[in-house]
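Residue numbering for the sequence shown follows our numbering, beginning at -10 and increasing consecutively.
Below you'll find the structure, written out as structure tokens, and then a few comments.
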Amino acid sequence: MMSGWRKMRGKAGINGTAAMIWELIKAHLSIFIGLSAVSGYYLSGPIDSDRALMVGLLVFCLASGAACLNNIQDRRFDAHFRRTCKRALPSGRIPVMHAGILAIGLITTGLWGLARYFNWQAFVLGTLSLICYNALYTPMKKKTTLAIIPGTVCGMLGPAIGWAAGGEIAITREIISLMVVFGVWQMTHYLLLVFNTRTDIRHTPFPSLAKAFSNIDLRLHILIWSGIYCMAMIYFLWISPLRFTPLSVVLAVIILLTIPIVYLALYGYGRMTKGNSGFYFINLSMLVFMTSYITDALVV
């Protein structure tokens, strides 16, 4: 086993191997999910920064392991797309067995940590997110566009895990609204990704919203979901306002810019960027939303 990793590292170099692992665990998304759990934890009550960091790291491990397992499940599926065919598993740069061991280790660490250091509710929600993503969403997306339903539910469970880890079992409008923010962001993120890769997707044999909708319809759906996303953030901030004024101003500016930037990405500026600016800004807005809320909980 170790010799296999050494061979892989020798071919790619240390930086190349690190980049492949980063890609394999979808670290950029896993970080978002870890931060969503921290947001849910801070919403649950009294602040304990050490435990907040721990739940964020454990959920990051769980999300990374699930992403790694997803890459194993999708390695033949990904080979059909220009965007994904050069990933480490479809291109054969990482052996499936090595990826499997990494996935098992990360998933076990995440779930065991939630059960050992927090409570069974957090463990159950973590397990449910794994089921939604790897047992439902991943196989379903090859057969139906309805796969977006378990995929969105999975995205909403991050803050719920943090909420449960904080000792809360009651369902309140605060945690529901926070979960809705993440669910709507997930849908908007997905639609922008579909729009950006629509030409590639339409040449594959798999179902997709890029085939179900015309370009005009896709743009309209993205704008509608972007608007719902902004309203969901505004509602959450109304019932659970930030106490540190400068953060509120920054977040308000981000919310106000969301629709115009997405519109320009789809109809004007997007002709040069292929809509990528809207995709990046939606993700940036979520990052600002999470970090603003977490920072507010820490500094006030």
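We put the CB at the ideal spot given by N, CA and C, even for glycine.
With a cutoff of 7 Å on beta-carbon distance, Phe171 and Ser25 are scored as near each other. Leu231 sits in coil when the DSSP states are folded into three classes, being neither helix nor strand. Contact between the stretch 96 to 113 and the stretch 27 to 47 is established, with three or more Cβ pairs separated by less than 8 Å. For the options Thr188, Ala149, Leu91, the alpha carbon positioned closest to that of Lys200 is the one of Thr188. Counting along the chain, Arg105 sits inside the alpha helix (DSSP H) bounded by residues 85 to 106. For Ala77, the CB contacts under 7 Å within the same chain, skipping 5 residues up- and downstream, are Met9, Glu12, Leu13, Ile83 in chain order. Rounded to the nearest angstrom, the gap between the Cα atoms of His87 and Gly216 is 42 Å.
Per the Cβ contact rule, the stretch 237 to 244 is not in contact with the stretch 202 to 216 (fewer than 3 Cβ pairs under 8 Å). With fewer than 16 other Cβ atoms from the protein chains shown falling within 10 Å of its own Cβ, Gly81 counts as exposed. Residue environment analysis places Tyr282 among the buried positions, since at least 16 neighbouring C-beta atoms fall within 10 angstroms of its C-beta.
Pro139 sits in a helix when the DSSP states are folded into three classes.
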